[in-house]
Amino acid sequence: MTDKQRKRYHFIGIGGIGMSAIAHIFNRRGDLVTGSDRQENATIRRLRSEGINIVEGHDPANIHGADVVIYSAAIAKDNVELLEAIRLGIPALERSTILGQLMEPYKRRIAVAGAHGKTTTTSMISSILESAKIDATVLIGGDMKSMGGNARLGGGDSILTEACEAYESFLHLNPSIAVVTNIDAEHLDHYDTVENVERAFGQFLNRVDADGCVIANWDDLRTRRVCENIDRRIVRYGLGGDADWLATDIDISTPDPSYTLVHNGSPLGLVRISVPGLHNISNSLAAAAVAFEMGIGFEAIANGLSSFCGTGRRFEILYSDGALVVDDYAHHPSEIKATLSTARAAYNRRIIAVFQPHLFSRTKTFQKEIAESLALADEVIVTPIYAAREQPIEGVSAEAIVDLMKLGGFQSVRYATDKNILADELAKSVGCDEMVIILGAGDIRQVSERLAALLAENRSTQIWQKAVKNEPMSKHTTLGVGGVADYYIEVENENKLARLMRHISAKGLPWMILGDGANLLVADEGIRGVVIRMRGALERIELDGETIIAGAGGSISKVADFAAQHSLTGLEGVGTVPGSVGGAIVMNAGTHRGYIDAVTRQVNVVTEAGDIRTLSKEECGFTYRNSRFQNDRSLIITSATFKLSPGDGGAIREHLDSVRRHRAETQPRGKSAGCFFKNPPDMSAGKLIESAGGKGLREGGAEVSPVHANFIMNTGTASASDLRNLAERVRKMVQKHHGIELEYEVRLVGEWQKSE
Numbered sequence: 004m005t006d007k008q009r010k011r012y013h014f015i016g017i018g019g020i021g022m023s024a025i026a027h028i029f030n031r032r033g034d035l036v037t038g039s040d041r042q043e044n045a046t047i048r049r050l051r052s053e054g055i056n057i058v059e060g061h062d063p064a065n066i067h068g069a070d071v072v073i074y075s076a077a078i079a080k081d082n083v084e085l086l087e088a089i090r091l092g093i094p095a096l097e098r099s100t101i102l103g104q105l106m107e108p109y110k111r112r113i114a115v116a117g118a119h120g121k122t123t124t125t126s127m128i129s130s131i132l133e134s135a136k137i138d139a140t141v142l143i144g145g146d147m148k149s150m151g152g153n154a155r156l157g158g159g160d161s162i163l164t165e166a167c168e169a170y171e172s173f174l175h176l177n178p179s180i181a182v183v184t185n186i187d188a189e190h191l192d193h194y195d196t197v198e199n200v201e202r203a204f205g206q207f208l209n210r211v212d213a214d215g216c217v218i219a220n221w222d223d224l225r226t227r228r229v230c231e232n233i234d235r236r237i238v239r240y241g242l243g244g245d246a247d248w249l250a251t252d253i254d255i256s257t258p259d260p261s262y263t264l265v266h267n268g269s270p271l272g273l274v275r276i277s278v279p280g281l282h283n284i285s286n287s288l289a290a291a292a293v294a295f296e297m298g299i300g301f302e303a304i305a306n307g308l309s310s311f312c313g314t315g316r317r318f319e320i321l322y323s324d325g326a327l328v329v330d331d332y333a334h335h336p337s338e339i340k341a342t343l344s345t346a347r348a349a350y351n352r353r354i355i356a357v358f359q360p361h362l363f364s365r366t367k368t369f370q371k372e373i374a375e376s377l378a379l380a381d382e383v384i385v386t387p388i389y390a391a392r393e394q395p396i397e398g399v400s401a402e403a404i405v406d407l408m409k410l411g412g413f414q415s416v417r418y419a420t421d422k423n424i425l426a427d428e429l430a431k432s433v434g435c436d437e438m439v440i441i442l443g444a445g446d447i448r449q450v451s452e453r454l455a456a457l458l459a460e461n462r463s464t465q466i467w468q469k470a471v472k473n474e475p476m477s478k479h480t481t482l483g484v485g486g487v488a489d490y491y492i493e494v495e496n497e498n499k500l501a502r503l504m505r506h507i508s509a510k511g512l513p514w515m516i517l518g519d520g521a522n523l524l525v526a527d528e529g530i531r532g533v534v535i536r537m538r539g540a541l542e543r544i545e546l547d548g549e550t551i552i553a554g555a556g557g558s559i560s561k562v563a564d565f566a567a568q569h570s571l572t573g574l575e576g577v578g579t580v581p582g583s584v585g586g587a588i589v590m591n592a593g594t595h596r597g598y599i600d601a602v603t604r605q606v607n608v609v610t611e612a613g614d615i616r617t618l619s620k621e622e623c624g625f626t627y628r629n630s631r632f633q634n635d636r637s638l639i640i641t642s643a644t645f646k647l648s649p650g651d652g653g654a655i656r657e658h659l660d661s662v663r664r665h666r667a668e669t670q671p672r673g674k675s676a677g678c679f680f681k682n683p684p685d686m687s688a689g690k691l692i693e694s695a696g697g698k699g700l701r702e703g704g705a706e707v708s709p710v711h712a713n714f715i716m717n718t719g720t721a722s723a724s725d726l727r728n729l730a731e732r733v734r735k736m737v738q739k740h741h742g743i744e745l746e747y748e749v750r751l752v753g754e755w756q757k758s759e
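Sequential numbering of the sequence shown, starting at 4, is according to the numbering used here.
This is the structure in structure tokens:
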């Protein structure tokens with residue numbers, strides 16, 4: 004279909020969170036989408052990357068050629084593009100109208116309403132649907148991390164969206180399932196009174212299909228009152244009382260709350276969510292109730308909720324190394340209270356709250372309640388009001404909130420006239436035992452992002468200061484040879500490694516990971532760039548039932564011993580192999596008793612860009628004595644998870660000891676890298692070398708061991724070049740006598756071209 008044949012939709016204010024979701028869906032389904040907005044933002048850049056033409060600024064010419072113009076409720080009636088559409092007779096539809104039309108064809112239409120919690124609840128439902136393999140179309144009022152955006156076009160018969168009560172927008176929707184998380188005194192610039200808000204919710208719920216249902220928060224009195232006057236089936240959820248869906252055995256003392264999910268009095272099982280707070284447990288109950296109405300079982304519900312990793316601007320942790328930086332959309336007193344209460348319950352930290360009031364009208368209505376809710380923090384900074392579409396109201400200011408807090412006895416509060424310098428101020432003063440929670444629905448996220456970036460930069464600089472210049476590698480390899488590395492640094496945990504890699508990446512420096520120094524031949528000219536060694540937590544070994552999590556910097560033989568101590572079998576094949584856990588994964592180490600890939604379940608990595616990721620076994624690309632990590636040098640292994648089986652601990656220890664005794668008796672002692680060459684299929688490299696006459700050969704201070712010909716030893720005075728030259732002589736001898744080209748088992752690293 005050509006552009007001329009496709010229907011063209013032009014979005015005025017396309018960068019808004021609700022507008023951008025619909026634009027994404029329309030674009031993905033094949034419509035021609037264009038848009039305009041008064042200024043750039045990340046959402047607009049993402050839409051552009053999807054092929055949507057977006058103009059910065061409003062101009063009547065922008066809508067020429069459009070078949071339909073879509074505008075958000077925030078667009079003024081005198082907007083030049085909107086007026087031009089009316090003049091030309093182009094249909095101009097408000098966002099909620101087009102959303103209602105988008106939903107109509109779907110059999111199952113889920114709409115999540117409520118003053119607070121809509122985005123998180125909708126995202127939780129989406130996560131459960133994904134867990135249950137239901138290919139739904141989804142539109143969310145925030146960026147869902149696992150989705151990589153705020154919308155997804157599905158191929159099934161279900162659609163899930165938020166239903167916003169602002170300007171009565173949700174009265175354009177006809178859901179089959181409606182959720183009400185709560186009803187509050189919100190958008191009073193439109194409704195005037197909370198009674199009018201309740202009336203609108205009642206009208207919305209009466210638009211639900213006659214055979215549909217309403218999922219209602221029974222802990223919320225206003226929601227209960229509205230539901231008592233509608234003629235639809237009500238499914239009740241709550242944290243107590245006689246609700247159909249309940250949470251019991253609640254634990255909110257950590258950032259990962261848990262509870263027992265109960266349906267109609269019957270416990271279904273333990274649920275754990277990765278977003279903190281009692282309000283999020285309530286949100287997850289709503290999501291579970293919706294899923295059950297769609298025929299989804301407990302296992303998929305629990306998996307979906309546990310895998311949900313949050314949405315943008317909803318208690319979003321932007322920085323967590325030492326100090327915490329949290330970005331949150333909270334702007335209503337109820338939301339501020341919930342966010343700060345959550346932080347107080349889940350984190351043992353001093354709380355600094357930075358609040359940007361949203362709208363003059365909201366500040367006028369709620370300034371007393373805002374002051375009271377902010378007092379839950381230890382220190383408060385208030386910035387000027389974000390006006391959005393409003394004009395200032397005489398006598399209404401952010402300073403009034405500060406004054407009210409001081410009158411109430413809270414003295415650790417100040418007004419910041421310029422929010423743009425706040426991040427720099429806080430970066431210099433915030434302590435490792437503090438958390439900065441930045442609150443507001445305006446442009447305050449700029450402060451969050453800059454503060455997180457400054458703290459990360461400061462920490463990276465601190466780590467880099469520990470780097471040792473011109474460190475001899477002979478001190479760190481089992482062969483005892485090798486020139487200097489430009490920089491040598493040891494890191495103690497995954498976060499520090501991630502920060503270091505961001506610094507290295509920004510500087511454009513080459514780098515390498517040093518394991519335990521075995522299986523490595525470093526050139527005499529040394530290594531340019533940075534050599535990194537893992538210590539501390541990156542050497543740790545942990546037990547979880549029949550699963551062992553081992554740091555990549557630790558010894559693989561120690562991990563095997565640890566498994567034997569706990570009567571777990573599966574690592575015997577690598578337990579007698581020298582080297583680190585990370586090295587064993589890279590080489591897919593093992594013996595006839597088994598290779599490490601057989602028990603590997605997942606591998607944690609840090610990318611060279613400084614991102615932390617988890618790879619499944621399948622993503623590791625294991626083959627015989629190989630893995631993706633040998634060629635993909637952009638990934639640094641930080642830990643591995645091994646799934647083992649119960650075994651006879653005594654027998655396992657005896658096997659390990661026996662093999663080690665045999666190796667001690669048959670392999671040479673002294674400075675070596677272990678076996679220098681890989682065994683060809685069904686052959687012994689050592690025997691090939693011996694039969695070719697290589698045993699006992701010398702080159703400078705290097706010698707082919709008289710005990711085992713696959714060991715090339717440093718007799719005490721060898722250089723790296725001696726060892727490399729002798730190895731090449733041995734390879735040529737085997738090639739000449741047997742027609743076999745031996746492949747190096749050791750890694751040759753550093754400036755070899757200059758050494759040769």
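We put the CB at the ideal spot given by N, CA and C, even for glycine.
| Check | Outcome |
| --- | --- |
| Is the separation between the beta-carbon of Ile15 and that of Ser39 shorter than 8 Å? | yes |
| Looking only at its chain, what residues have a beta carbon closer than 6 Å to the beta carbon of Met4, apart from the 5 residues adjacent to it on each side? | Note that Met4 has pLDDT 48, beneath the 50 cutoff, so the model's placement of it is unreliable and no number is given. |
| Counting C-beta neighbours from all protein chains within 10 Å, is the total for Leu726 16 or more, i.e. buried, or is it exposed? | buried |
| Starting from Leu327, trace the beta strand (DSSP E) both ways and give me its first and last residue. | 327-331 |
| Would Glu744 be called buried (16 or more neighbouring beta carbons within 10 Å of its own) or exposed? | exposed |
| Using the three-state DSSP reduction, which class does Tyr194 fall into: helix, strand or coil? | helix |
| So, is Lys110 buried or exposed, given that buried needs 16 or more other C-beta atoms within 10 angstroms? | exposed |
| Which partner residues of Gln370 appear in the DSSP bridge assignment? | Answer is none; Gln370 lacks a bridge partner. |
| Could you give the uninterrupted runs of the alpha helix (DSSP H) lying entirely in the region 720-746, keeping only those of 4 residues or more? | 723-741 |
| Please report how far the alpha carbon of Ala246 lies from the alpha carbon of Ile276, in whole angstroms. | 21 Å |
| Buried or exposed: Tyr262, going by 16 or more other Cβ atoms within 10 Å of its Cβ? | buried |
| Just to confirm, is the Cβ distance from Ile28 to Ala139 under 8 Å? | no |
| Measure the C-alpha to C-alpha separation of Ser285 and Pro270 and round it to an integer number of angstroms. | 16 Å |
| Would you list the residues sitting across from Leu524 in a DSSP beta bridge? | Leu751 |
| Any chance the region 200-215 sits against the region 351-358, with 3 or more Cβ pairs inside 8 Å? | no |
| Check whether the region 393-401 and the region 426-435 are in contact - that is, three or more C-beta pairs closer than 8 Å. | no |
| Would the region 62-76 count as touching the region 85-96 if we require 3 or more Cβ pairs under 8 Å? | yes |
| Per DSSP, which one or two residues make a beta bridge with Lys472? | Tyr490 |
| Does the Cβ-Cβ distance between Ala290 and Asn220 come in under 8 Å? | no |
| DSSP on Gln359, reduced to helix/strand/coil? | coil |
| When you compare only the Cα positions, how much space is there between Val562 and Ser694? | 36 Å |
| Applying the criterion that 16 or more other CB atoms from any shown protein chain within 10 Å of the CB defines a buried residue, is Pro360 buried or exposed? | buried |
| Exposed or buried, Asn423, counting other C-beta atoms within 10 Å across all chains shown (16 or more means buried)? | exposed |
| Using 8 Å for Cβ pairs, my map puts Ile101 next to Ile73. What's the rounded Cβ distance? | 5 Å |
| How should Thr345 be labelled, buried or exposed, when 16 other C-beta atoms within 10 angstroms of its C-beta is the threshold for buried? | buried |
| Report the partner residues of Lys646 according to the DSSP bridge assignment. | Thr550 |
| Should the region 459-467 be regarded as contacting the region 361-381, the criterion being three or more beta carbon pairs within less than 8 Å? | no |
| Grouping DSSP H, G and I as helix and E and B as strand, with all else coil, what is His67? | coil |
| When DSSP labels each residue in this structure, what does Ile131 get in the three-state scheme? | helix |
| Which word fits Lys472, buried or exposed, when buried means at least 16 other C-beta atoms lie within 10 angstroms of its C-beta? | exposed |
| Given 8 Å as the limit, is there contact between the region 186-195 and the region 167-177, that is, 3 or more CB pairs closer than that? | yes |
| Taking only three categories from DSSP, how would you classify Ser323? | coil |
| Is Gly243 near the ligand NAD, judged by its Cβ being under 7 Å from some heavy atom? | Looking for the ligand NAD in the displayed structure turns up nothing, as the structure carries no ligands at all. |
| Measure the beta-carbon distance from Ala459 to Arg417 and round it to whole angstroms, keeping in mind my assumption that it falls under 8 Å. | The Cβ separation is near 26 Å, so there is no contact. |
| From the DSSP output, read off the bridge partner residues of Tyr418. | Val385 |
| Going by beta carbon distance, what residues of the same chain come within less than 6 Å of Ser75, once the five residues before and after it are set aside? | Gly16, Gly19, Met22, Arg98 |
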